[in-house]
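Protein chains in written order, with our numbering: chain F, 2 to 207; chain G, 292 to 474.
Every residue, glycine too, gets a C-beta built ideally from N, C-alpha and C.
Every value quoted in this text rests on a predicted model; they were computed, and no experiment measured them.
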Amino acid sequence: MAKFKVKKKSTLVDMTAMTDVSFLLLTFFILTATARQPEPLPVDTPASTVQMKVPDTNIGIITVGGDGKLFFGVGGQQIRINMLNRISEKYNLSFTEDEKQRFALIEGFGVPVGGLKQLINMDNSERMSSGIQNSGIPADSVDNQLKEWILAARYATKEVNDAEMRVAIKGDAKESYPSIKKVIDILQDQKINKFSLLTNLRSEDY
Amino acid sequence: MAADVEVKDDGKGGKVRSKKQAGRVDLTAMVDLAFLLITFFMLTTSLSKPHAMDVAMPDKNQENKEDLLELADNRTMTILLGSDNKIEYYMGLLDSPLEGPTVTDYGKDGIRPVLLEQLKRVPQVTGDPDKGLIVVIRPSDKSNYRNLVDILDEMKIVDAKQYMIGDIGTAEIELLTREGIYN
Chain F
2 MAKFKVKKKS TLVDMTAMTD VSFLLLTFFI LTATARQPEP LPVDTPASTV QMKVPDTNIG
62 IITVGGDGKL FFGVGGQQIR INMLNRISEK YNLSFTEDEK QRFALIEGFG VPVGGLKQLI
122 NMDNSERMSS GIQNSGIPAD SVDNQLKEWI LAARYATKEV NDAEMRVAIK GDAKESYPSI
182 KKVIDILQDQ KINKFSLLTN LRSEDY
Chain G
292 MAADVEVKDD GKGGKVRSKK QAGRVDLTAM VDLAFLLITF FMLTTSLSKP HAMDVAMPDK
352 NQENKEDLLE LADNRTMTIL LGSDNKIEYY MGLLDSPLEG PTVTDYGKDG IRPVLLEQLK
412 RVPQVTGDPD KGLIVVIRPS DKSNYRNLVD ILDEMKIVDA KQYMIGDIGT AEIELLTREG
472 IYN
């Protein structure tokens with residue numbers, strides 16, 4: 002009788018190619034992931050079921066938090082420099098070329114125009130530390146600096162990218178309605194009747 | 292020369308070879324880890340981005356204030372946002388409401404069934420599918436930003452075509468105070 006011997010197959014699979022591919026993908030995702038910028042004013046945005054993502058370009062974000070404090074930030078470094086030029090003209094301030102370059106890297110800020118130079122010359126960690134930007138941008142009827150910033154940002158976006166700037170309001174969920182209303186009124190005074198509210202994705206069943 | 296060759300020959304002939312190691316390393320754990328990280332980065336890049344809810348406000352129309360659109364009573368529903376996450380709504384005019392005013396909550400057990408019912412009923416009453424419900428949202432000073440986003444989200448969920456955000460009047464604030472949701 003011939004003996005049949007089932008040849009035992011090796012369970013080892015060559016994983017080299019798989020490792021190569023997976024690490025390639027991993028590298029890709031690590032590189033494309035933008036590091037989350039520290040925010041000067043952390044806010045907890047409310048949740049909604051809206052699926053539309055915020056665009057990255059041509060957008061100005063007004064942050065409202067901490068009892069009506071207002072922060073402003075606009076995307077794009079060229080736009081920021083252009084915006085700063087307009088503001089410095091308006092308020093008779095002068096910034097050196099180095100200061101402009103530094104300003105271009107600031108994502109968002111919340112100081113009156115007078116304190117801007119000091120803010121620019123701080124380093125990043127100092128800028129984000131508490132107590133530095135605790136006044137926000139003034140937006141009362143006597144001295145409406147937020148209005149000027151938005152206006153400058155809109156002009157700058159138009160000039161640099163030839164596009165309309167979208168305005169988004171990023172408010173804290175617990176912020177009272179009047180402080181949001183104040184921002185909306187500023188926008189409407191500039192005939193911006195369409196804007197976005199930034200929200201998180203609602204996870205629970207609603 | 293000759294000695295060199297001899298030495299070489301000697302080395303080959305001796306077969307003192309070190310045992311060849313297997314070229315395979317078990318990569319399973321490494322692949323597991325890599326895929327775990329890929330999943331993590333994929334999710335964080337797409338999920339961390341905030342979402343934008345578009346809002347269109349009615350134009351303030353400061354030039355000609357008289358040029359305002361008259362709205363039919365039976366089509367308008369006014370939603371007042373009070374404190375403590377409560378809503379009060381009524382149909383038609385405040386002085387002679389067709390329905391309500393009723394206090395309710397946000398979400399699927401509160402305002403949503405009311406909105407869905409009215410959205411179905413109003414076109415039947417007006418007899419024109421284009422003349423649907425118009426929702427007027429009036430946030431009071433005691434409501435917060437979350438309430439505003441919630442009610443706008445509700446409009447998206449029930450697919451209300453016409454809605455707007457307006458200012459609250461003193462009579463309506465009095466109504467909210469009477470119901471105890473203005474504190």
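query	result
Environment of Val-75 (chain F) [buried if 16+ CB atoms lie within 10 Å]	buried
Cutoff 8 Å: Thr-369 (chain G) Cβ touching any chain F Cβ	no
6 Å CB neighbourhood of Ala-157 (chain F) in its chain, flanking five on each side removed	Ile-80, Asn-83, Met-84
Classification of Val-53 (chain F) by the beta-carbon crowding that lies within 10 angstroms, buried from 16 upward	Position check: residue 53 (chain F) holds Met in this sequence, whereas Val was assumed. With fewer than 16 other Cβ atoms within 10 Å, it is exposed.
Cross-strand partners of Arg-167 (chain F) (DSSP beta bridge)	F:Ile-60
Where Asn-365 (chain G) meets chain F, residues with beta-carbon distance less than 7 Å	The contacting residues do not exist; Asn-365 (chain G) stays about 27 Å from chain F at best.
Nearest-angstrom Cα separation, counted from Ala-48 (chain F) out to Glu-98 (chain F)	41 Å
Closest residue to Thr-20 (chain F) among G:Leu-410, G:Val-322, G:Val-449 (Cα-Cα distance)	G:Val-322
8 Å Cβ cutoff, Asn-376 (chain G) in contact with chain F	no
Straight-line gap, Glu-108 (chain F) to Pro-56 (chain F) (C-alpha atoms, nearest Å)	15 Å
Cβ of Gly-172 (chain F) within 8 Å of any chain G Cβ	yes
C-beta neighbour in chain F for Ala-474 (chain G), strict 8 Å	Contrary to the premise, residue 474 (chain G) reads as Asn rather than Ala in this sequence. Chain F contact via Cβ: absent.
Ile-31 (chain F) at chain G interface by Cβ criterion, 8 Å	yes
Own chain partners of Ile-63 (chain F) with C-beta closer than 8 Å, once the 5 adjacent residues on each side are dropped	Leu-71, Phe-72, Phe-73, Leu-147, Ile-151, Val-168, Ala-169, Ile-170, Lys-171, Val-184
Span separating the alpha-carbon of Ile-464 (chain G) from that of Leu-32 (chain F)	53 Å
Straight-line Cα distance separating Val-394 (chain G) from Asp-470 (chain G)	The question names Asp, but residue 470 (chain G) in the sequence shown is Glu. Computed Cα separation, rounded: 8 Å.
Beta-carbon spacing of Met-479 (chain G), Met-348 (chain G) below 8 Å	Since the first and last residues shown for chain G are 292 and 474, residue 479 (chain G) lies out of range.
Contact the region 23 to 32 of chain F vs the region 316 to 334 of chain G: 3+ CB pairs below 8 Å	yes
Glu-127 (chain F) classed as buried or exposed, judged by whether at least 16 other C-beta atoms fall within 10 angstroms	exposed
Heavy atom of the ligand ADP within 7 Å of Leu-439 (chain G) beta-carbon	Here there are no bound small molecules, and the ligand ADP is not part of this structure.
Opposing strand residues paired with Glu-390 (chain G) [DSSP bridges]	G:Met-382
Min CB distance Lys-452 (chain G) to chain F below 8 Å	no
Contact the region 86 to 94 of chain F vs the region 184 to 200 of chain F: 3+ CB pairs below 8 Å	no
Gln-409 (chain G) versus Ala-140 (chain F): straight-line alpha-carbon distance, rounded	40 Å
Element boundaries [beta strand (DSSP E), containing Arg-429 (chain G)]	425 to 430
Span separating the alpha-carbon of Arg-403 (chain G) from that of Asn-365 (chain G)	19 Å
In DSSP terms, what Thr-461 (chain G) is bridged to	DSSP lists no partner for Thr-461 (chain G).
Inter-residue Cα distance where the pair is Val-114 (chain F) and Asp-441 (chain G)	35 Å
Residue environment, Leu-106 (chain F), which counts as buried when at least 16 other CB atoms sit within 10 Å	exposed
Residue range of the unbroken beta strand (DSSP E) whose run includes Lys-422 (chain G)	Note, Lys-422 (chain G): premise wrong, no beta strand (DSSP E); not H, not E.
Gln-415 (chain G) burial status per 10 Å Cβ neighbour count (16 or more: buried)	exposed
Span separating the alpha-carbon of Tyr-454 (chain G) from that of Leu-324 (chain G)	50 Å
Residue burial classification, Val-296 (chain G) (beta-carbon count within 10 angstroms, cutoff 16)	For Val-296 (chain G), the pLDDT reaches just 45, beneath the cut-off of 50, and the residue's location in the model is therefore unreliable, although a value from the coordinates is still provided. Under this definition Val-296 (chain G) is an exposed residue.
DSSP state of Tyr-436 (chain G) mapped onto helix, strand, coil	helix
Chain G contact residues for Phe-196 (chain F), given Cβ-Cβ distances below 7 Å	Val-346
Contacts that Ser-23 (chain F) makes with chain G (C-beta to C-beta distance below 7 Å)	Val-322, Ala-325, Phe-326, Ile-329
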